[in-house]
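The structure appears right after this line, and notes come after that.
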Amino acid sequence: MKRRVVITGMGAYSPLGNDWDAVKQRIVEQRSGVQYIPAFREIHNMRSFLGAPVTDLEIPAHYTRKQLRTMGRVAQLAVLSADKALNDAGLHGSPLLQSGRVGISYGSTNGSAPDAIHFMEQVGAKKTLDNVPGSLFVKFMSHTCAANLSQFFQVRGRIIPTTSACTSGSQGIGYGYESIAYGLQDVMICGGSEELHAIDVAVFDVMFATSTRNDAPDTTPRPFDRDRDGLVVGEGAATLILESLEHAQQRGARIIAEVIGYGTNGDGAHMVNPSREGMAAVMQLALRDAGISPNDIDYINAHGTSTETGDVAESNATRDCFGRAVPISSFKSYVGHTLGACGAIEAWLSVHMLNEDWVHPTLNLDNIDPRCGDLDYVRGGVRQMPLHTVMTNNFAFGGVNTSLVLRKWHP
1477 MKRRVVITGM GAYSPLGNDW DAVKQRIVEQ RSGVQYIPAF REIHNMRSFL GAPVTDLEIP
1537 AHYTRKQLRT MGRVAQLAVL SADKALNDAG LHGSPLLQSG RVGISYGSTN GSAPDAIHFM
1597 EQVGAKKTLD NVPGSLFVKF MSHTCAANLS QFFQVRGRII PTTSACTSGS QGIGYGYESI
1657 AYGLQDVMIC GGSEELHAID VAVFDVMFAT STRNDAPDTT PRPFDRDRDG LVVGEGAATL
1717 ILESLEHAQQ RGARIIAEVI GYGTNGDGAH MVNPSREGMA AVMQLALRDA GISPNDIDYI
1777 NAHGTSTETG DVAESNATRD CFGRAVPISS FKSYVGHTLG ACGAIEAWLS VHMLNEDWVH
1837 PTLNLDNIDP RCGDLDYVRG GVRQMPLHTV MTNNFAFGGV NTSLVLRKWH P
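Residue numbers (the numbering used here): 1477 to 1887.
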C-alpha cells in the first residue's frame, strides 16, 4: 500500500538570500538577483555577461578541512542547505541517519566546473599530474553532491544521484518521494544544487539562448514576455527532508506540507527542443499519481526559462492539461535558471507560499507573448490567494520532464 509522504524540514541558498525572510522580502519588493558579471567578458565571443550568484556563502568554522577537501562549491551549497534542512526537521546529529532507513536523492547538472577545468588543463593540455590532488575528481564527478552529503552526515541508506540538467532537483525530490511512498526508506534527504560558472553560460550562449541585456540586468529574464531575449544562469541549492507520515508522527515531527504526486517522463523527440505533448503528459502523470483532477490545482510554479521555444511550449502544454486559465508564474524571473537546483528551489519556494496563501509574480512580464497559452499569468506584484494544492514543473535538455504536486498540511 502506498504511504503518505510529508515534508518535515527545508533549507535553501539562493541569489535572493539564504533564508525565507530574506527571500520573501526581495520577492515582495520585486528585486531580482541578476547581476552583471565582468569576469564573463574573458570568454572570447560570448554574448551574455549576466548571472545570478549566491552572494553570502559562509562556511561554518566547525566544518573541518578533511570534510571540505572533497567539496567544490556545488557540493558546499548542497551540504549547507541540507545542514539547515536537517536542523529544521530536528534530525541533525540523530542516530537515525546511520540506521539505513534514511537515504539521499540529490542532483546537479555537473560537478564543480573549476575543478574539472583544472584537471583537464593539467592532464589534457599540460600532460602532467603535477598539482592534481587525489581528491580533485571527487569535486567534479557527477554525483559529488549526493556522495558528499552521505559522507558528511554519515547517511547509510539508499543513495540516488540525479544528473538530468534542469530536472535534477525535482527528480531528486520525486525519487525520494517514491522511495518513501513504496516503503523503501522512512526518511529521504532530497534536493538539488548548482554553482555558477562561465561554462554554464557558454552552453546556452552558443545556442543563442542567453539574454544579452548586459546593461540592464534588472530587466531580464522575461518569462512569457513578448520581448524576452533569453535566459540568465543562476546558482543555489535547496534541500527538503521527506518522511513517511507514520514515521513523522511517531517521532513528533513538525509537518510542513505533503507531497501527494509526482510524474516524470521523456519526450522521445528532440534533445533540446521541448515537446508540448511530453510536457502535458507529465503533468497528467503527476495528477494521476496524486489522485486529483486538474481543477484541484490552485497555482502552478512554472519552469518558465524565458526562451522562446520553452515558454510557448510550456504555456500551451499547461493549457492543454488544465483547460482553464490557471494562475502561473516563474521564479526564474527573480533568480535566473539555477539548472540542477531549480526544481528543488522552486519546490522550497512553493511550500512556503502554499503555507502563507500568496504567490509571487513573474518579473518583467509587461507584454504577454500572444503565442503563449491562455493562462492567468501572475504579474505586477504579489497576489494574495487561498492555496490548498499547487504544482511545480520542470523540463530539461534531453526531453526529461517532471511535475510535483504539493498539498497544504491539515492535521
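Glycine residues also receive a C-beta, built at the ideal position from the N, C-alpha and C atoms.
Can you tell me the Cα-Cα spacing of Val-1802 and Ile-1731, whole angstroms?
-> Residue 1802 sits at position 326 when you count from the first residue of the sequence shown. Residue 1731 sits at position 255 when you count from the first residue of the sequence shown. Roughly 27 angstroms between the two C-alpha positions.
Give a yes or no on whether the C-beta atoms belonging to Gln-1574 and Arg-1634 are separated by under 7 angstroms.
-> Walking along the sequence shown from the start, residue 1574 turns up at place 98. Walking along the sequence shown from the start, residue 1634 turns up at place 158. Not in contact: Gln-1574 and Arg-1634 (Cβ atoms no closer than 7 angstroms).
Report the option in Ile-1513, Ala-1565, Met-1477 and Pro-1514 whose CA atom is closest to the CA atom of Thr-1484.
-> Indexing the sequence shown from 1 puts residue 1484 at position 8. Taking only the C-alpha atoms, the option nearest Thr-1484 is Ala-1565.
Distance, Arg-1517 Cα to Val-1876 Cα | Here residue 1876 refers to the residue found at position 400 of the sequence shown. Here residue 1517 refers to the residue found at position 41 of the sequence shown. Answer to the nearest angstrom: the Cα atoms are 32 angstroms apart.
May I ask which residues mark the beginning and end of the beta strand (DSSP E) holding Ile-1636?
-> What you label residue 1636 is simply residue 160 of the sequence shown in a count that begins at 1. From DSSP, the beta strand (DSSP E) with Ile-1636 extends over 1635 to 1638.
Where does Arg-1883 sit, in a helix, a strand or coil, going by DSSP?
-> Residue 1883 sits at position 407 when you count from the first residue of the sequence shown. If DSSP states are grouped into helix, strand and coil, Arg-1883 belongs with the strands.
Of the residues Val-1555, Gly-1600 and Val-1550, the one placed nearest Pro-1590, counting alpha carbons only | Residue 1590 sits at position 114 when you count from the first residue of the sequence shown. Ranking Val-1555, Gly-1600 and Val-1550 by Cα distance to Pro-1590 puts Val-1550 first.
Taking DSSP as the reference, what is the three-state secondary structure of Cys-1429?
-> For the chain, the structure presents residues 1477 to 1887; residue 1429 sits outside this window and is missing.
With 16 other Cβ atoms within 10 Å as the buried cut-off, status of Asp-1705 = To locate residue 1705, count along the sequence shown from 1; it is residue 229. Asp-1705 should be labelled buried.
Between the C-alpha atoms of Gly-1667 and Leu-1721, what's the straight-line distance to the nearest angstrom?
-> Locating residue 1667 in the sequence shown gives position 191, counting from the first residue. Locating residue 1721 in the sequence shown gives position 245, counting from the first residue. Their backbone Cα atoms lie some 19 angstroms apart in a straight line.
Are the beta-carbon atoms belonging to Gly-1812 and Val-1748 less than 7 angstroms from one another?
-> Residue numbering aside, residue 1812 sits at position 336 when the sequence shown is read from its first letter. Residue numbering aside, residue 1748 sits at position 272 when the sequence shown is read from its first letter. Cβ distance not < 7 angstroms, so Gly-1812 and Val-1748 don't count as in contact.
Is the Cβ-Cβ distance between Leu-1625 and Ala-1558 less than 7 angstroms?
-> Along the sequence shown, one-based indexing puts residue 1625 at 149. Along the sequence shown, one-based indexing puts residue 1558 at 82. It is a contact, given that the beta carbons lie within the stated cut-off.
Nearest to Thr-1878 by CA position, among Leu-1863, Ala-1757, Ile-1804 and Asn-1792, is which residue?
-> For the purposes of this step, residue 1878 is taken as residue 402 along the sequence shown, with counting starting at 1. Of Leu-1863, Ala-1757, Ile-1804 and Asn-1792, the residue nearest in Cα terms is Ala-1757.
Kindly list the residues whose CB is nearer than 6 angstroms to the CB of His-1746, restricted to its own chain and excluding five residues on each side of it in sequence; keep chain order.
-> Position 270 of the sequence shown holds residue 1746. Around His-1746: no qualifying Cβ.
Per DSSP, cross-strand counterpart(s) of Arg-1632 = For the purposes of this step, residue 1632 is taken as the residue at position 156 of the sequence shown. According to DSSP, which records beta bridges pairwise, Arg-1632 is partnered with nothing at all.
CA-to-CA distance, Pro-1837 to Ser-1611, given in whole angstroms = Walking along the sequence shown from the start, residue 1611 turns up at place 135. Walking along the sequence shown from the start, residue 1837 turns up at place 361. Straight-line Cα distance between these residues: approximately 43 angstroms.
For the region 1762 to 1799, list the beta strand (DSSP E) runs that are entirely contained and at least 3 residues long, ordered along the chain.
-> 1775 to 1777
Short check: CB of Val-1530 to CB of Gly-1712, under 7 angstroms?
-> Sequence index remark: in the sequence shown, residue 1530 carries index 54 (1-based). Sequence index remark: in the sequence shown, residue 1712 carries index 236 (1-based). Their beta carbons are under 7 angstroms apart, which means Val-1530 touches Gly-1712 by this criterion.
Within this structure, are the beta carbons of Gly-1816 and Ser-1618 separated by less than 7 angstroms?
-> By one-based count along the sequence shown, residue 1816 stands at place 340. By one-based count along the sequence shown, residue 1618 stands at place 142. No, the pair does not count as a contact, with Cβ atoms beyond the cut-off.
Going along the chain, which residues of its own chain have a beta-carbon closer than 7 angstroms to the beta-carbon of His-1723, five neighbours each way excluded?
-> Taking the first residue of the sequence shown as position 1, residue 1723 is located at position 247. The answer, listed in chain order, is Asp-1662 and Val-1663.
Under the assumption that Gly-1527 contacts Leu-1672 (Cβ atoms under 8 angstroms), give the Cβ distance between them as a whole number of angstroms.
-> The residue labelled residue 1527 in the question sits at position 51 within the sequence shown. The residue labelled residue 1672 in the question sits at position 196 within the sequence shown. Right, their Cβ atoms sit about 5 angstroms apart.
Give me the Cα-Cα distance between Ser-1655 and Cys-1848, rounded to the nearest whole angstrom.
-> The residue labelled residue 1655 in the question sits at position 179 within the sequence shown. The residue labelled residue 1848 in the question sits at position 372 within the sequence shown. Roughly 36 angstroms between the two C-alpha positions.
Might you give, ordered along the chain, the residues of its own chain that have their beta carbon closer than 7 angstroms to the beta carbon of Asp-1606, omitting 5 neighbours on each side?
-> Working through the sequence shown from its first residue, we reach residue 1606 at position 130. Same-chain partners within the cutoff: Gln-1598.
Starting from the Cα of Arg-1752, find the closest Cα among Pro-1514, Ala-1793 and Asn-1777 and give me that residue.
-> To locate residue 1752, count along the sequence shown from 1; it is residue 276. Answer by Cα proximity: Ala-1793.
What is the DSSP secondary structure of Cys-1848, reduced to helix, strand or coil?
-> As a first step, residue 1848 is located in the sequence shown; it is residue number 372 there, counting from the start. DSSP places Cys-1848 in coil when its eight states are reduced to three.
State the CB to CB distance for the pair Ile-1580 and Ile-1636, rounded to an integer number of angstroms; the pair is presumed to be in contact (CB under 8 angstroms).
-> Here residue 1580 corresponds to residue number 104 of the sequence shown, with the count starting at 1. Here residue 1636 corresponds to residue number 160 of the sequence shown, with the count starting at 1. Indeed they touch by this definition, with Cβ atoms about 7 angstroms apart.
Of the residues Glu-1734, Met-1755 and Phe-1807, which one's Cα is nearest the Cα of Pro-1887?
-> Within the sequence shown, the letter at position 411 stands for residue 1887. For the residues Glu-1734, Met-1755 and Phe-1807, the minimum Cα distance to Pro-1887 belongs to Glu-1734.
Nearest-angstrom Cα distance between Val-1854 and Phe-1595?
-> On the sequence shown, residue 1854 is found 378 positions in, with the first residue counted as 1. On the sequence shown, residue 1595 is found 119 positions in, with the first residue counted as 1. So the two alpha carbons sit approximately 45 angstroms from each other.
For Arg-1698 versus Asn-1843, is the C-beta distance shorter than 7 angstroms?
-> In the sequence shown, residue 1698 corresponds to position 222, counting from 1. In the sequence shown, residue 1843 corresponds to position 367, counting from 1. Their beta carbons are not under 7 angstroms apart, which means Arg-1698 does not touch Asn-1843 by this criterion.
Is the beta carbon of Asp-1774 less than 7 angstroms from the beta carbon of His-1864?
-> Residue 1774 sits at position 298 when you count from the first residue of the sequence shown. Residue 1864 sits at position 388 when you count from the first residue of the sequence shown. Yes, Cβ-Cβ distance for Asp-1774 and His-1864 is below 7 angstroms.
For Phe-1873, the nearest candidate out of Glu-1784, Ser-1805 and Gly-1742 (CA to CA) | Position 397 of the sequence shown, counting from 1, holds the residue named residue 1873. Among Glu-1784, Ser-1805 and Gly-1742, the Cα nearest to that of Phe-1873 is on Gly-1742.
DSSP on Gly-1737, reduced to helix/strand/coil?
-> Taking the first residue of the sequence shown as position 1, residue 1737 is located at position 261. Strand at Gly-1737.
Compare the Cα-Cα distances from Asn-1840 to each of Gly-1799, Thr-1781, His-1538 and Leu-1830 and report the closest residue.
-> Position 364 of the sequence shown, counted from the first residue, corresponds to residue 1840. For Asn-1840, the nearest C-alpha among the options comes from Thr-1781.
May I ask you to report which of helix, strand or coil DSSP gives Tyr-1606?
-> Within the sequence shown, the letter at position 130 stands for residue 1606. This sequence places Asp at residue 1606; Tyr is not what is there. Coil.
Pull up the CB-CB distance for Ser-1640 and Phe-1616, whole angstroms please, since I reckon it's below 8 angstroms.
-> Along the sequence shown, one-based indexing puts residue 1640 at 164. Along the sequence shown, one-based indexing puts residue 1616 at 140. About 17 angstroms separates the two Cβ atoms, so there is no contact after all.
Can you grab the Cα-Cα spacing for the pair Gly-1583 / Val-1555, in whole Å?
-> Here residue 1583 refers to the residue found at position 107 when the sequence shown is read from its first residue. Here residue 1555 refers to the residue found at position 79 when the sequence shown is read from its first residue. Cα to Cα, Gly-1583 sits roughly 12 angstroms from Val-1555.
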